[in-house]
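Counted the way full-length UniProt numbering counts, the sequence shown spans residues 1 to 441.
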Amino acid sequence: MSELVLPGGLRDRAVRPGDRRYPLLRSTYTRVSAPSLVLLPESPAEVAASLEVARDSGLPLSVRSGGHGLSGRSSNDGGIVLDVSAMNGVEVLDEDARLVRVGAGARWANVAAALAPHGWAISSGDHGNVGVGGLATAGGIGWLARSYGLTIDHIRAAEVVLPDGRLVRADATHEPDLFWAVRGAGDGVGVVVAFEIEATPLRTVGFGQVVVEADRDGDTLRRWSEYVAAAPHELTGSAVLFADGADVAAQFTAVVASDDQDLVRELIAPLAEFGVRPLSSGAQLAPYPALVSTGHLHPNVGQQPSTTTNALLPALTEASARALMEVAAGPQRTLVQLRALGGAINEVAPDATAYAHRHQQVLAILTQFPPGGGTELDAAAAPLAPYADGAYRNFESRPDDDTFRRAFPGATGDRVRALRERYDPGGLLQRVAAAEPARPR
Ligand SMILES: Cc1cc2nc3c(=O)[nH]c(=O)nc-3n(C[C@H](O)[C@H](O)[C@H](O)COP(=O)(O)OP(=O)(O)OC[C@H]3O[C@@H](n4cnc5c(N)ncnc54)[C@H](O)[C@@H]3O)c2cc1C
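Dropping the structure here:
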């Protein structure tokens, strides 16, 4: 392919194969890629110029913030990557309102570290290396999910460069449709360069880990789910299932949004009762940034090849809990992780943002290493399928039409499609998806 000619201002922002920086910029967390050009814009005007280059080239365009996207679509082979990681500032806009402007290229570890001196936090996810842009355009199911809600629930405005190059501010009164789409389906309407997010006052959390032997009928999981669903919103939790043949251990992690040691103990202690027998348990107070630590920061070089899918579930029933145990202990060696939802997440109206799932209590994340194309994962996930009630796009390696229907049900999907058409009529942001092979049927 002949080399693309770049406008003057972008020449210094370009990294091509052969450049010494290319090995650390070509790939994502889950996939080794070989784009022909990585652009590192430092301003909205440079983002607009990058979009113009991509549009004129006809090549696939990937938009990247932190590079942790499970689909690997934030890079590609032979196309262009628009990487906003240089636009990574964290700035307090209004001390009284705890309003913070966060560059889309920041990592959540850096956001947590910058807010800690103010005694504030923004719930994001469980990993400090995840980028702001990919997470805050889709949801954000973090360690404070039940007390704070999703990350998108606290976005008050977004600065977006539209595919036609215009920079717009989207908030409740300016471009309200765009503002709706950015919070859940933001990847399809533009390139977000910054978000204004309301932080919550929080310095210290209770952090507990409890490991139990889990019964194969799913009683352990059902009791965990019922307990967390009924618990005060301060408690957010996750469970990871570790299977060794017929033996399955459940590791519960609990985060309590409080520095009250009695409350922390009171909310975490019951977890040890849910298994066949307790294996270990511990709880302590920790500064919130320790949960999304700067120790997580690393370049993404395709180090974690994997295929992931997920299912949102109402509170676990006997049948759905048994199905989860069947998946975890099955021959396909699927890693099963559960996240407790509910609480503040479910206090938001389903049509308030493009993330419509406001009644489910559990997110089940299923992953296989190495990736294996997804056919085995689909077979492994089959027992859970009858109970699935939607999906979260960010824990999905194949964000195709099937995922779209599960993530954006009914009227939400109609509105997302219409807004993609309005803001990206030429389909510039969909080119990278179109360049990928379809999911085998
Ligand atoms: C180890 C790990 C832990 C995780 N933990 C959590 C968790 O606890 N909670 C949770 O909710 N999610 C979690 N995730 C999923 C995470 O939300 C997604 O992978 C997210 O897309 C990562 O954001 P990123 O900016 O790093 O991704 P990138 O790979 O940079 O981007 C992913 C996609 O987002 C879109 N995008 C990125 N930046 C922009 C932008 N500026 N404007 C518009 N669209 C953009 C693009 O379509 C891109 O393909 C985790 C992922 C990993 C790998």
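Note that CB positions come from ideal geometry on N, CA and C, so glycine has one too.
Roughly how many whole angstroms lie between the Cα atoms of residue i and residue j?
{"i": "R441", "j": "A385", "result": "Only weak support is given to the placement of R441: the predicted model assigns it a pLDDT of 47, under 50, and the value that follows is read from those uncertain coordinates. Looking at the two C-alpha atoms, the distance is approximately 16 Å."}
{"i": "G208", "j": "A254", "result": "5 Å"}
{"i": "G427", "j": "E421", "result": "8 Å"}
{"i": "R169", "j": "D351", "result": "21 Å"}
{"i": "T28", "j": "D262", "result": "42 Å"}
{"i": "G58", "j": "Q430", "result": "12 Å"}
{"i": "S397", "j": "T309", "result": "6 Å"}
{"i": "N129", "j": "G67", "result": "9 Å"}
{"i": "L419", "j": "T137", "result": "14 Å"}
{"i": "L25", "j": "G302", "result": "10 Å"}
{"i": "L312", "j": "A239", "result": "14 Å"}
{"i": "V336", "j": "Q284", "result": "25 Å"}
{"i": "G133", "j": "R64", "result": "8 Å"}
{"i": "F395", "j": "L70", "result": "7 Å"}
{"i": "P287", "j": "D378", "result": "39 Å"}
{"i": "N300", "j": "A86", "result": "15 Å"}
{"i": "P232", "j": "N346", "result": "13 Å"}
{"i": "T151", "j": "D401", "result": "25 Å"}
{"i": "R223", "j": "A229", "result": "10 Å"}
{"i": "A319", "j": "E266", "result": "29 Å"}
{"i": "V32", "j": "P117", "result": "37 Å"}
{"i": "R21", "j": "R11", "result": "15 Å"}
{"i": "L135", "j": "F369", "result": "22 Å"}
{"i": "S62", "j": "D217", "result": "43 Å"}
{"i": "V15", "j": "S225", "result": "48 Å"}
{"i": "P7", "j": "R73", "result": "25 Å"}
{"i": "P371", "j": "Y392", "result": "19 Å"}
{"i": "E42", "j": "D126", "result": "27 Å"}
{"i": "Q361", "j": "Y387", "result": "12 Å"}
{"i": "A344", "j": "L4", "result": "48 Å"}
{"i": "V47", "j": "L221", "result": "46 Å"}
{"i": "Y423", "j": "V92", "result": "30 Å"}
Under DSSP, the beta strand (DSSP E) around residue i begins and ends at which residues?
{"i": "I122", "result": "No beta strand (DSSP E) holds I122; DSSP gives it neither H nor E."}
{"i": "Q337", "result": "335-340"}
{"i": "I345", "result": "No beta strand (DSSP E) contains I345, which DSSP labels as neither H nor E."}
{"i": "P287", "result": "277-287"}
{"i": "R156", "result": "155-161"}
{"i": "residue 443", "result": "Residue coverage of the chain in this structure runs from 1 to 441, which leaves residue 443 outside it and unanswerable."}
{"i": "S57", "result": "No beta strand (DSSP E) holds S57; the alpha helix (DSSP H) holding it covers 44-57."}
{"i": "T403", "result": "Note, T403: premise wrong, no beta strand (DSSP E); alpha helix (DSSP H) at 401-407."}
{"i": "T307", "result": "307-313"}
{"i": "V130", "result": "Looking at the DSSP string, V130 is not in any beta strand (DSSP E), and its letter there is neither H nor E."}
{"i": "T220", "result": "Run containing T220: none in the beta strand (DSSP E); it sits in the alpha helix (DSSP H), 219-230."}
{"i": "E196", "result": "191-198"}
{"i": "R64", "result": "61-64"}
{"i": "R169", "result": "167-171"}
{"i": "G237", "result": "235-244"}
{"i": "V92", "result": "90-94"}
Measure how close the beta-carbons of residue i and residue j come, nearest whole angstrom, since I'm counting them as under 8 Å.
{"i": "A214", "j": "A249", "result": "6 Å"}
{"i": "D171", "j": "A157", "result": "4 Å"}
{"i": "G206", "j": "S258", "result": "6 Å"}
{"i": "T307", "j": "T403", "result": "With a Cβ gap of about 13 Å, T307 and T403 do not count as contacting."}
{"i": "I141", "j": "R339", "result": "6 Å"}
{"i": "A354", "j": "R98", "result": "Incorrect: roughly 24 Å between the Cβ atoms, too far for contact."}
{"i": "T294", "j": "N110", "result": "7 Å"}
{"i": "R107", "j": "G131", "result": "6 Å"}
{"i": "A380", "j": "Q332", "result": "4 Å"}
{"i": "P44", "j": "V193", "result": "5 Å"}
{"i": "R101", "j": "E196", "result": "5 Å"}
{"i": "P289", "j": "A113", "result": "5 Å"}
Residue range of the alpha helix (DSSP H) that residue i falls in?
{"i": "I268", "result": "261-268"}
{"i": "D414", "result": "410-423"}
{"i": "F179", "result": "176-185"}
{"i": "L324", "result": "318-328"}
{"i": "A434", "result": "431-434"}
{"i": "residue 444", "result": "In this structure the chain extends from 1 to 441, so residue 444 is not present and cannot be described."}
{"i": "S147", "result": "145-148"}
Can at least three beta-carbon pairs, one atom from the region 322-334 and one from the region 134-150, be found at a separation below 8 Å?
With the cut-off at 8 Å, the region 322-334 and the region 134-150 do not touch.
Specify whether the region 260-275 and the region 186-204 touch according to this definition: at least 3 beta carbon pairs, one from each stretch, less than 8 Å apart.
Contact between the region 260-275 and the region 186-204 is absent: fewer than 3 CB-CB pairs across the two stretches fall below 8 Å.
Validate contact between the region 404-421 and the region 32-45 using beta carbons, cut 8 Å, 3 pairs:
Judged by Cβ distances under 8 Å, the region 404-421 makes no contact with the region 32-45, as fewer than three pairs qualify.
Flag this pair as touching only if the region 74-82 and the region 112-121 have three or more C-beta atom pairs under 8 Å; answer yes or no.
At 8 Å Cβ cutoff, the stretches do not touch.
Is it the case that the region 44-56 contacts the region 65-78, given that we only count it when at least three CB pairs across the two stretches are under 8 Å?
By the Cβ criterion, the region 65-78 is not in contact with the region 44-56, since fewer than three pairs of Cβ atoms, one from each stretch, lie closer than 8 Å.
When the Cβ atoms of the region 210-227 are set against those of the region 276-295, are three or more pairs found closer than 8 Å?
The region 210-227 is in contact with the region 276-295.
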